[in-house]
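Okay, structure first, notes after.
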Amino acid sequence: WADSKTLDLIDRFFSYNNAQSFYLIMSYQSGAENESQQLQNFLNKFQKLRRRFREIELMPLEKQDVGEITSAILRNQVDLSSDLTDFFHEKSYGNPMYLVELVKSLIAQDRISFSSQGTWEYELSEIESFQVRSHNVDMILSRLQGFKDADMRVLEVAATAGMTFQFETLLIDGRTQSV
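Remember, my numbering sits 1233 above the position in the sequence shown when you count from 1.
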């Protein structure tokens, strides 16, 4: 997923830095309904700039792979039920990024929960009734909407500060009052 401003930024960088070496990894779902014309134009322009690049087409995960990844996410020592694996495979269409977000969303919604006995518990009927978002971004945004206002403020400040920052960055005007 890339919005138009992100594609514009990448396009400008590539257009004006012909002598620079760089390494960019992009991911997109080819043939998807949401594949924008702007993305297609970007890829065509990139090809015309004669940049060396390689497209690697990845196939969707098989049902067994979905089960193994889900077990790894849940740190489950036993195999998942075939019904749960079928659900994850059907809803994720074999997309590993979507699968991870789907599992995280179900845990955040307490549809899958960790018991006091140290095992994961779920009711398949509850999971199946879960309103599944159609895109990773929608799933992430719906999780963010559940955050408290104070937590959202911390995320806003942290997002503008970058990947790493000092704790003091989260302090309002350098005093003891924190965000």
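Virtual Cβ for every residue (Gly too), placed ideally from N, Cα, C.
Through-space distance from Phe-1321 to Val-1299, alpha-carbon basis | Each residue's alpha carbon lies about 7 angstroms from the other.
Take Leu-1317 and list the residues in its own chain whose beta-carbon comes closer than 6 angstroms to its own, dropping the five residues that flank it on each side.
-> So no residue of the chain qualifies.
Provide the residue span of the beta strand (DSSP E) that contains Glu-1354, from first to last.
-> Counting along the chain, Glu-1354 sits inside the beta strand (DSSP E) bounded by residues 1353-1355.
Under the rule that 16 or more other beta-carbon atoms within 10 Å means buried, what is Thr-1409, buried or exposed?
-> Residue placement at Thr-1409 cannot be trusted, given a pLDDT of 48 that sits under 50; what the coordinates show is reported in the next sentence. Thr-1409 is exposed by the Cβ-count criterion.
According to the Cβ coordinates, are Leu-1240 and Leu-1291 closer than 9 angstroms?
-> Contact: no.
In angstroms with no decimal places, state the Cα-to-Cα distance between Leu-1294 and Glu-1401.
-> The alpha-carbon atoms of Leu-1294 and Glu-1401 are separated by roughly 43 angstroms.
Return the chain-ordered list of same chain residues with a C-beta closer than 8 angstroms to the C-beta of Leu-1357, the five sequence neighbours on each side being excluded.
-> Annotation for Leu-1357: Ser-1314, Asp-1316, Leu-1317 and Phe-1320 place their beta carbon closer than 8 angstroms to its own, counting only its chain and skipping 5 residues before and after.
Val-1387 to Lys-1281 span [Cα, whole Å] = When rounded, the distance between both Cα atoms is 42 angstroms.
Flag this pair as yes or no: are the beta carbons of Glu-1354 and Phe-1347 separated by less than 9 angstroms?
-> Cβ atoms of Glu-1354 and Phe-1347: closer than 9 angstroms.
From Gln-1378 to Tyr-1331, what distance separates their C-alpha atoms?
-> Those two C-alpha atoms are separated by around 18 angstroms.
Which residues mark the beginning and the end of the beta strand (DSSP E) in which Ser-1346 is found?
-> Membership of Ser-1346 in the beta strand (DSSP E) is indicated by the continuous run 1345-1347.
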